[in-house]
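What follows is a single structure, written as C-alpha cells, with notes after it.
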C-alpha cells in the first residue's frame with residue numbers, strides 16, 4: 001500500500017511536470033496540499049509529488065519577495081512551507097540533499113521572527129520549526 005501512487009496523484013504530477021510557467025505550477029500546488037494530507041498521502045505519492053514540483057521551484061517560492069500587490073507578502077513562503085513540512089515528515093525525503101539545503105532558509109525564517117512584529121509570519125515560523133525537527 002505504501003508503494004502505491006493513486007491516479008489523482010499521477011494526474012497532479014503530470015500537471016506539475018508539464019507546467020509551462022511558475023504560475024501554472026503554483027496553481028497546481030493547491031491540488032498538492034489536498035493530496036499530501038488526504039487518503040492519497042502514501043510515502044510513494046509524496047516522493048512522486050516532491051519530484052514533480054522540483055526543488056528549484058520550492059526554493060524560489062521560499063525566497064521571492066516579488067508577490068502580486070493584492071497578496072500578503074508571505075503568501076508564497078507560506079504555501080511552500082506547508083508543502084515542505086509534509087515532505088520533512090517522510091524520512092526518505094527529509095534526508096535528501098535538496099531538503100537539507102533548505103536548513104539555512106528555515107533558520108533565516110526563525111531568526112526573522114525576532115525582528116518581525118507581523119503576526120502573519122507566525123505560521124511560517126511554526127512550519128520552519130517543524131522542518132528543523
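Residue numbers (full-length UniProt numbering): 1 to 133.
By construction, the Cβ of each residue, glycine as well, lies at the ideal position given by its N, Cα and C atoms.
Sequence-distant residues of its chain with Cβ nearer than 7 Å to residue i (five each side left out)
i, result
"residue 76", "61, 64 and 67"
"residue 128", "81, 106, 109 and 110"
"residue 59", "none"
Where residue i falls: helix, strand or coil (DSSP)
i, result
"residue 66", "coil"
"residue 121", "helix"
"residue 89", "coil"
Best match in the options for proximity to residue i [C-alpha to C-alpha]
i, options, result
"residue 57", "130, 45 and 102", "102"
"residue 12", "69, 111 and 45", "45"
"residue 32", "50, 93 and 19", "50"
"residue 79", "14, 126 and 42", "126"
"residue 30", "131, 98, 54 and 16", "16"
Supposed contact pair residue j and residue i - C-beta distance, whole angstroms, cut 8 Å
i, j, result
"residue 36", "residue 86", "4 Å"
Neighbourhood of residue i by C-beta distance below 8 Å, restricted to the same chain and skipping five residues each side
i, result
"residue 47", "90, 92 and 93"
"residue 10", "48"
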